[in-house]
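To keep things clear, I will list the structure first and then write my remarks on it.
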Amino acid sequence: MFARVNTTLDKLLDVVQIGSLWLARAGGVLILVTVAMVTIEVLSRRFMGRSAVHATELTGYIMAISASWSFAYTLMRKAHIRIDALYLNFPAKVRGLLDLVALLAMALFCILVVGAAFEITSDSYTGGATANTPLGTPIWMPQALWLLGLTWFSVAVGLVTLRVLFGLLGGDIDGVQRIAGSPTLDEQLSEENKEPLS
């Protein structure tokens, strides 16, 4: 039973990994757009004496959106910063239990953050809130894109948590380490030599 559930979760995590990669790439494109806007703003102020774009406002939105769009990719690539000086000395089963505890804490964080972000976005939409700037941007628009990234991250955390839980219950310790374990130095070096995700 656990093997079948884990296989299904692995397939879902493959989909999440691909979606997370594309969201992270889109966030990277947004960062490049930010660079272009700031460059245009600096040049227009220098040569025309006024701003041609409202880079300050838009770049703030873009930074929040692109950051939230990269969270799931960072999770799927196990790239979050970890302090694992003791962790790597524990047996694999203990490491799996610690990974589960960490993922449950992250899931709780996601519930709180996504709930608050949804409430803020909903209030901005229903209240017709706009930015107190020359653009007068309807605030719910960038907030909705920010919420999208946070929600996708929450889905990724939920699926990884379930995979680790069922992996531990089914005795698939290697699968748990592959999905959520902190990589050893040898694993990190071998990962560097692998082909990037497509």
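Be aware that the sequence shown starts at 3, since it is given in my numbering, and climbs by one per residue.
Glycine included, C-beta positions come from ideal geometry on N, C-alpha and C.
Nothing here was measured: the structure is a model prediction, and the numbers come from that model.
By the criterion of a C-beta distance shorter than 6 Å, residue 36 is surrounded in its chain by 61, 64, once the five residues flanking it on both sides are discounted. Residue range 4-49 is occupied by the alpha helix (DSSP H) that includes residue 8. Here residue 140 is bridged, per DSSP, to 132.
Here the C-alpha atom of residue 22 lies approximately 32 Å from the C-alpha atom of residue 135. Residue environment: residue 183 is assigned as buried (16 or more neighbouring CB atoms within 10 Å of its CB, all protein chains considered). In this structure, the straight-line span from the alpha carbon of residue 74 to that of residue 153 is close to 9 Å. Cβ contact annotation for residue 108 (same chain, cutoff 7 Å, sequence separation greater than five): 159, in chain order. Segment contact: the region 119-128 against the region 141-149, three or more CB-CB distances shorter than 8 Å; contact assigned. For residue 90, the number of other beta carbons within 10 angstroms of its own is below 16, and it is reported as exposed.
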